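S.K.: Quick one: the structure is below, questions incoming.
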Amino acid sequence: MNPEPEAAATMPPDWLHIDSIDLDAQGIARRADGKVVFIDGALPGEWVSAQVTRRKNHWEAAALTALHTESHLRVAPRCPHFGLHQGACGGCKMQHLEPAAQIAIKQRALEDNLWHLGKVKPELILRPIEGPAWGYRYRARLSVRYVHKKGEVLIGFHERKSRYVADMRECPVLPAHVSGLLIPLRELIMGLQARETCPQIELAAGDEVTALVLRHLEPLCEGDREQLRAFGQRHGVQWWLQPKGPDTVHLLDEDGTQLSYALPEFGITMPFRPTDFTQVNPHINRVLVGRALRLLDAQRHERVIDWFCGLGNFTLPIATQAGQVLGVEGSAALVARARQNFESNQAVAPSGQALAAAKFVARNLFDMTTAQLVADGTADRWLVDPPREGAFALVKALAAIHQARIGAEDAEALPAGAEAWQPPRRIVYVSCNPATLARDAGLLVHQAGYRCSAAGVVNMFPHTAHVESMAVFDHGP
4 MNPEPEAAAT MPPDWLHIDS IDLDAQGIAR RADGKVVFID GALPGEWVSA QVTRRKNHWE
64 AAALTALHTE SHLRVAPRCP HFGLHQGACG GCKMQHLEPA AQIAIKQRAL EDNLWHLGKV
124 KPELILRPIE GPAWGYRYRA RLSVRYVHKK GEVLIGFHER KSRYVADMRE CPVLPAHVSG
184 LLIPLRELIM GLQARETCPQ IELAAGDEVT ALVLRHLEPL CEGDREQLRA FGQRHGVQWW
244 LQPKGPDTVH LLDEDGTQLS YALPEFGITM PFRPTDFTQV NPHINRVLVG RALRLLDAQR
304 HERVIDWFCG LGNFTLPIAT QAGQVLGVEG SAALVARARQ NFESNQAVAP SGQALAAAKF
364 VARNLFDMTT AQLVADGTAD RWLVDPPREG AFALVKALAA IHQARIGAED AEALPAGAEA
424 WQPPRRIVYV SCNPATLARD AGLLVHQAGY RCSAAGVVNM FPHTAHVESM AVFDHGP
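Here the numbering used here is used: the first residue of the sequence shown is 4, the next is one more, and so on.
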């Protein structure tokens with residue numbers, strides 16, 4: 004979005020024109036000498052003044068000091084804690100940017116990563132998956148700090164570019180009933196004897212139950228426990244306690260209820276613990292699972308492997324369509340939970356709609372070998388949903404078998420049974436990191452015999468720089 008020469012000529016020389024914006028919501032301008040300037044809070048098309056805060060040979064970082072012309076993309080932030088001011092919350096980066104432009108930035112980031120890092124260009128760009136922009140965040144980790152000088156407790160996300168806790172009194176990206184708890188929670192923690200040794204509250208909301216996990220560094224006295232119980236009853240929340248690591252998390256009191264979320268399109272209900280990985284945005288997750296399964300297009304006579312299966316978020320819906328499903332996950336505890344989820348849903352499945360045979364195994368997927376890949380057997384289709392690190396070892400093993408078959412590598416190095424093993428005809432890859440997706444896509448396309456049939460973004464985290472995406476890879480020409 005370069006300025007018209009006539010317009011640029013009439014502007015004061017110290018004004019900067021914003022040509023574009025990066026994923027961190029920094030406006031990008033160029034000085035007359037070609038040096039790039041990154042300016043927090045500036046949007047494409049705007050003329051601004053800015054104060055340099057950091058200088059390098061080829062670029063500068065600057066703070067916005069004056070906005071002279073306003074972009075048509077600029078909107079009023081909904082949250083009073085969002086902004087560039089001192090103490091502003093750092094939980095969101097893009098509330099000042101209209102939603103369609105936010106998605107466009109993420110789409111561009113996905114395509115740029117695929118091309119520049121993987122040299123991959125999708126044949127089709129999928130329509131973005133999007134949903135409500137507010138009240139979507141059903142999981143959050145909130146910092147807690149007792150501030151001696153103020154004599155009060157702060158609960159919230161960190162301030163922008165700071166380790167200090169923002170003075171949050173509401174949060175529109177949290178569900179309304181959770182946002183409404185921020186001030187009561189401050190009052191609760193302030194009244195605890197343990198207020199100085201409770202550094203964190205983790206939120207996990209299901210369809211019907213909301214859980215709060217209190218991290219406490221010292222044992223809680225009975226008086227503090229009673230205050231937690233009273234708060235839970237008054238506000239309808241379930242308290243969990245975490246005295247040490249994640250494996251120490253336990254219910255304050257058993258109340259007969261459990262966290263769960265539904266995938267109604269598939270008749271699936273997924274119980275979970277507050278420390279389990281589940282998607283932050285339940286609405287988007289339902290749409291994502293539906294699209295992933297339509298793209299996977301598994302048939303009743305086919306076998307599917309769900310790599311990084313977790314609790315079975317994709318595995319169980321796949322079992323409503325495929326003939327056989329294998330779920331593979333690195334955590335033995337999660338594998339056991341996924342198996343339990345499968346069995347509980349199998350038990351209540353309507354007559355004639357039983358889930359397909361499913362097996363779950365624990366394996367270190369970051370140390371995958373060709374021998375392990377062959378041992379897991381041929382599958383017609385794969386669903387891959389890795390963490391931010393991606394699925395490099397898995398994809399590398401797949402590529403090694405392909406390279407040996409076409410003579411680019413030593414076929415004798417392949418494990419027994421590799422001759423009969425066949426690669427999946429289709430892979431649906433769900434990613435939370437476009438850089439590692441691009442790296443893995445490059446291997447699939449250039450070394451494993453696949454083409455990238457489609458890719459698109461999933462706006463799981465509106466107003467943030469987080470890019471969730473999915474891509475489809477088909478084997479052969």
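For each residue, glycine too, the CB sits at the ideal point set by N, CA and C. Predicted model, so just to flag it, every value in this text is computed and none were measured.
Give the DSSP-derived three-state secondary structure of Leu-376 in the structure shown.
M.R.: If you number the sequence shown from 1, residue 376 lands on position 373. Helix.
S.K.: Quick check: what's the CA-CA separation for Ile-186 versus His-238?
M.R.: Residue mapping note: residue 186 aligns to position 183 of the sequence shown, counting from 1. Residue mapping note: residue 238 aligns to position 235 of the sequence shown, counting from 1. Approximately 12 Å, taken between the alpha carbons.
S.K.: Using beta-carbon positions only, say whether Pro-320 and Phe-269 come within less than 9 Å of one another.
M.R.: Taking the sequence shown and counting its residues from 1, one reaches residue 320 at position 317. Taking the sequence shown and counting its residues from 1, one reaches residue 269 at position 266. Going by C-beta atoms, Pro-320 is nearer than 9 Å to Phe-269.
S.K.: For Ser-23, which residues in the same chain have their Cβ closer than 6 Å to its Cβ, ignoring the five residues on either side in sequence?
M.R.: Taking the sequence shown and counting its residues from 1, the one referred to as residue 23 is at position 20. Closer than 6 Å at the Cβ level, and outside the excluded window around Ser-23, lie Ile-31, Pro-47.
S.K.: What are the start and end residues of the beta strand (DSSP E) that includes His-180?
M.R.: If you number the sequence shown from 1, residue 180 lands on position 177. Unbroken run through His-180 is the alpha helix (DSSP H), 179-182; no beta strand (DSSP E).
S.K.: Near Lys-164, what residues of its chain come up, given a Cβ to Cβ distance below 8 Å and the 5 sequence neighbours on each side ignored?
M.R.: In the sequence shown, residue 164 corresponds to position 161, counting from 1. Cβ within range, chain order: Gly-93.
S.K.: Where are the beta strand (DSSP E) runs, 3 residues long or more, that stay fully inside the segment 69-156, in chain order?
M.R.: Counting only runs of 3 or more, we get 142-150.
S.K.: Where does Leu-215 fall in DSSP's three states?
M.R.: Working through the sequence shown from its first residue, we reach residue 215 at position 212. Three-state result, Leu-215: strand.
S.K.: Comparing alpha-carbon positions, which option in His-449, Tyr-453, Ser-472 lies nearest Val-460?
M.R.: Stepping through the sequence shown from its first residue, residue 460 is reached at position 457. Answer by Cα proximity: Ser-472.
S.K.: Would a C-beta distance cut-off of 9 Å place Ala-69 and Gln-29 closer than the cut-off?
M.R.: Residue mapping note: residue 69 aligns to position 66 of the sequence shown, counting from 1. Residue mapping note: residue 29 aligns to position 26 of the sequence shown, counting from 1. Contact flag unset, no.
S.K.: I'd like the span of the beta strand (DSSP E) that includes Pro-274, first residue to last.
M.R.: Taking the first residue of the sequence shown as position 1, residue 274 is located at position 271. It spans 271-274 - the beta strand (DSSP E) in which Pro-274 sits, taken as one unbroken run.
S.K.: Tell me, to the nearest whole angstrom, how far the beta carbon of Met-97 is from that of His-466; I am working on the premise that it is less than 8 Å.
M.R.: Position 94 of the sequence shown, counting from 1, holds the residue named residue 97. Position 463 of the sequence shown, counting from 1, holds the residue named residue 466. About 5 Å; that satisfies the 8 Å criterion.
S.K.: Taking just the CA atoms, how far does Ile-106 sit from Leu-129?
M.R.: Along the sequence shown, one-based indexing puts residue 129 at 126. Along the sequence shown, one-based indexing puts residue 106 at 103. Distance between the alpha carbons of Leu-129 and Ile-106: 12 Å.
S.K.: Looking only at its chain, what residues have a beta carbon closer than 6 Å to the beta carbon of Leu-220, apart from the 5 residues adjacent to it on each side?
M.R.: Within the sequence shown, the letter at position 217 stands for residue 220. Taken in chain order, the residues that qualify are Thr-200.
S.K.: What number of angstroms, rounded off, separates the C-alpha of Trp-385 from the C-alpha of Met-371?
M.R.: Taking the first residue of the sequence shown as position 1, residue 385 is located at position 382. Taking the first residue of the sequence shown as position 1, residue 371 is located at position 368. Their backbone Cα atoms lie some 15 Å apart in a straight line.
S.K.: Counting C-beta neighbours from all protein chains within 10 Å, is the total for Ala-335 16 or more, i.e. buried, or is it exposed?
M.R.: Your numbering for residue 335 matches position 332 in the sequence shown. It is exposed - the Cβ of Ala-335 has fewer than 16 other Cβ atoms within 10 Å.
S.K.: With C-beta atoms as the reference, is Arg-540 less than 9 Å away from Phe-363?
M.R.: Lying before the first or after the last residue shown, residue 540 is absent from the chain, which here runs from 4 to 480.
S.K.: In its own chain, which residues sit with a C-beta less than 6 Å from the C-beta of Gly-44, not counting the 5 before and 5 after it?
M.R.: To locate residue 44, count along the sequence shown from 1; it is residue 41. Leu-67, Leu-87.
S.K.: Looking at the strands, I want to know which residues DSSP matches up with Ala-32.
M.R.: Here residue 32 corresponds to residue number 29 of the sequence shown, with the count starting at 1. Answer is Ile-21, Val-40, bridged to Ala-32.
S.K.: Using the beta-carbon count (16 or more within 10 Å), is Pro-125 buried or exposed?
M.R.: Numbered from 1 along the sequence shown, position 122 holds the residue referred to as residue 125. Answer is buried; the Cβ neighbour count reaches 16.
S.K.: Count the other C-beta atoms from every protein chain shown that fall within 10 angstroms of the C-beta of His-20, then say buried if there are 16 or more, exposed otherwise.
M.R.: Along the sequence shown, one-based indexing puts residue 20 at 17. The residue in question, His-20, is buried, as its Cβ has 16 or more Cβ neighbours within 10 Å.
S.K.: So Leu-127 and Ala-457 are in contact, right, with Cβ under 8 Å, and what is the actual spacing, rounded?
M.R.: The count along the sequence shown starts at 1 and reaches residue 127 at position 124. The count along the sequence shown starts at 1 and reaches residue 457 at position 454. Indeed they touch by this definition, with Cβ atoms about 4 Å apart.
S.K.: Looking at the structure shown, is Leu-319 part of a helix, part of a strand, or coil, going by DSSP?
M.R.: In the sequence shown, counting from the first residue as 1, residue 319 sits at position 316. Residue state, collapsed to three classes: helix.
S.K.: Whole angstroms is fine: what's the gap from Asn-288's alpha carbon to Arg-306's?
M.R.: Taking the first residue of the sequence shown as 1, we reach residue 288 at position 285. Taking the first residue of the sequence shown as 1, we reach residue 306 at position 303. Cα to Cα, the separation comes out at about 23 Å.
S.K.: Quick one: what's Met-473 bridged to in DSSP?
M.R.: Position 470 of the sequence shown, counted from the start, is the residue given in the question as residue 473. Partner(s): Val-433, Gly-459.
S.K.: Taking the alpha carbon of Pro-222 as the point to measure from, which residue in Thr-213, Pro-246, Pro-202, Lys-38 has its own alpha carbon closest?
M.R.: Taking the first residue of the sequence shown as position 1, residue 222 is located at position 219. Of Thr-213, Pro-246, Pro-202, Lys-38, the residue nearest in Cα terms is Pro-246.
S.K.: Considering only residues of the same chain and omitting the five flanking positions on each side of Thr-260, which have a CB-CB separation below 6 Å?
M.R.: As a working note, residue 260 is residue 257 in the sequence shown. Val-212.
S.K.: Could you give the residue range of the beta strand (DSSP E) that holds Gly-330?
M.R.: The residue you call residue 330 lines up with position 327 of the sequence shown. Per DSSP, Gly-330 belongs to the beta strand (DSSP E) from 327-332.
S.K.: Could you check which residue in Ala-394, Lys-59, Gly-380, Ala-378 has the C-alpha nearest to that of Phe-369?
M.R.: Mapped onto the sequence shown, residue 369 falls at position 366. Among Ala-394, Lys-59, Gly-380, Ala-378, the Cα nearest to that of Phe-369 is on Ala-394.
S.K.: At the level of alpha carbons, what is the spacing between Cys-82 and Arg-140?
M.R.: As a working mapping, residue 82 is identified with position 79 in the sequence shown. As a working mapping, residue 140 is identified with position 137 in the sequence shown. Approximately 14 Å, taken between the alpha carbons.
S.K.: Is Ile-409 helix, strand or coil by DSSP?
M.R.: By 1-based counting over the sequence shown, the position of residue 409 is 406. Coil, per DSSP.
S.K.: Looking at C-beta atoms only, is the number of pairs between the segment 168-184 and the segment 106-121 that lie closer than 8 Å three or more?
M.R.: Short answer: they don't touch.
S.K.: Could you round the C-beta distance between Ala-360 and Val-398 to whole angstroms and report it? I think they count as a contact, below 8 Å.
M.R.: The residue labelled residue 360 in the question sits at position 357 within the sequence shown. The residue labelled residue 398 in the question sits at position 395 within the sequence shown. With 8 Å as the limit, Ala-360 and Val-398 do not qualify as a contact, their Cβ atoms being about 26 Å apart.
S.K.: Using DSSP with H/G/I as helix, E/B as strand and the rest coil, what is Phe-160?
M.R.: Looking up residue 160 in the sequence shown gives position 157. Note: Phe-160 maps to coil in three-state DSSP.
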